[in-house]
Every structure is written in C-alpha cells, then in structure tokens.
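In the UniProt record's numbering, the protein residues as written are 1 to 205. Take a look at the structure set out below.
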Amino acid sequence: MNSGESFDQSMIDKLVATAESDTIEYKVASLEEEVTEIKGSIKTLLMDIRETMGVLENPFQNIQGIANISSAIVNPKSMEDQPQPPKNEEIEEEDEPEDEDAKNQPKRADSKLIDPISFYRTIVWSKDMVEKYDQNAIKELIEVFSLLGYIPGEIKEIIVKVIEILIKNNNLDDAVVDLYRLYHILYPEDMSLDSKVLDHILNER
C-alpha cells in the first residue's frame, strides 16, 4: 500500500477545512459575526451607562419612583378583600412538604427602596449637610421636605439614619463598594448591579 492510500477520510476533511478557513470569504464571515456581537455588547453597555447617568443626575427622583412602587407592595389589600381558597386546595397545600433548604435561603425583594448608586449619592449629600448644619437642623429640613411631598416616609427615615451614622463616622467614601460586596455575597447569581458599580468605580476613583 503506497503513502497516498494511507490518508484516511478524517485527515482529508481536516486539510479541506483548514484550506477553507484561509479563504477571504471565511474571514469576512467571521469578522461580520464578531462585529455583530460587539455591536450588541456596546448597545447593552450604553443602556446601562444611560440609566446610571440618569440616577446620578437626579437621585431623589429615582428614589421617589422606586419608593412609590415599594409602597404598593408594603401596603397590600386586607385579608378580608382577598378571596378565600377552596377547601380542597387548602388540604393539598398542607400535605405538601416544605423544603427547608429553600426556606432558609435569603429571598431578594423584587423592588428596592433605593439602588446602591442613589444611596451613595444620598450619603454624599448627607455628608455635605453634616458639614454645614447641626444634626437637629438637618432633621428638621428633611422633615419639612417630606411634608412637602418630595421625600417618601421610608426614604426620610433612611436619610435620618445616614445622618446619625455620619455624625459618628464621617468617612463613608467606600460605602457603595462595601454594600455591593455584601449584596454579592447574599445574591451571587444577581449581576444586575455589576455595570453600575463598575461605572461608579471608574468615574469616582
């Protein structure tokens, strides 16, 4: 048997595939796929940056919008207004075993009062207020702003707590990164905040 007959079909296919990959048409097709993928990534990044910039420009507007959603969740309808489930369904629910592992896992709320970037901007604002006014004056200003309807009740309490913390420790520059680390520990599968925190680090540091 001569050397020409020793080549099997797989070797021939490999040589043909290698030759095809060196053609201009193949390289152009590969470049088009890469360009399409890059365009999609850039579009996603621009949307994240646009959302982040909107939060940074007006954190209180974003806070109030999120708080309005949260208030609807915090104040559900009374149990009397809700229809009672049929008796058969109640029996079936009692017979279902509870998954203890799932029960012990921390559950992430669908709606948050404030995102980390807005919270950080609130800390920066509170820090400026602490340097200008005494604690009682700041709390009274916050109370008036809340009575005017610009700050929801929950957000007012958060700002007051932040001011009390700043009175004791005025160095909270790394707060947003530290809080993000805690959130990532509790919910490692959620990457929705990654781009926002990265953009904050790149622009603030």
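For glycine and all other residues, C-beta sits at the position ideal for the given N, C-alpha and C.
The count of Cβ pairs closer than 8 Å, one atom from the region 184-193 and one from the region 133-151, stays below three, leaving the stretches out of contact. Under the three-state reduction of DSSP, I185 is assigned to helix.
Close CB contacts of I123 within its chain, under the 7 Å cut and outside five residues either way in sequence, are with V162, L172 and A175 (chain order). Contact between I159 and I142 holds: CB atoms are separated by about 6 Å, below the 8 Å threshold.
DSSP, reduced to helix, strand and coil, places D128 within a helical segment of the structure shown. Listed in chain order, the non-local C-beta contacts of Y133 below 7 Å within the same chain number zero, local neighbours out to five positions each way being set aside.
Distance check between D115 and each of M129, Y183 and S126 places Y183 closest, using alpha-carbon atoms only. Taking K139 as reference, the option from I42, Y120, K156 and I24 with the minimal CA-CA separation is K156. Residue nearest to Y120 within the set Q135, E131, A137 and Y180 is Y180 (criterion: CA-CA distance). Taking 8 Å as the cut-off, the Cβ atoms of V130 and N169 do not count as close. In the three-state reduction of the DSSP assignment, M191 falls in the coil class.
In the three-state scheme derived from DSSP, where H, G and I count as helix and E and B as strand, G149 is classed as coil. Collapsing the DSSP output to three states places D178 in a helix. Under a 10 Å Cβ-count criterion, I24 is classified as exposed, with fewer than 16 other Cβ atoms of the shown protein chains found around its own Cβ.
Look at Y26 here: in three-state DSSP terms it is helix. Under the three-state reduction of DSSP output, I117 falls in the helix class. In the displayed model, N170 falls within coil according to three-state DSSP, outside both helix and strand. Taking C-beta separations shorter than 6 Å and ignoring five residues to either side along the sequence, E164 has no partners in its chain.
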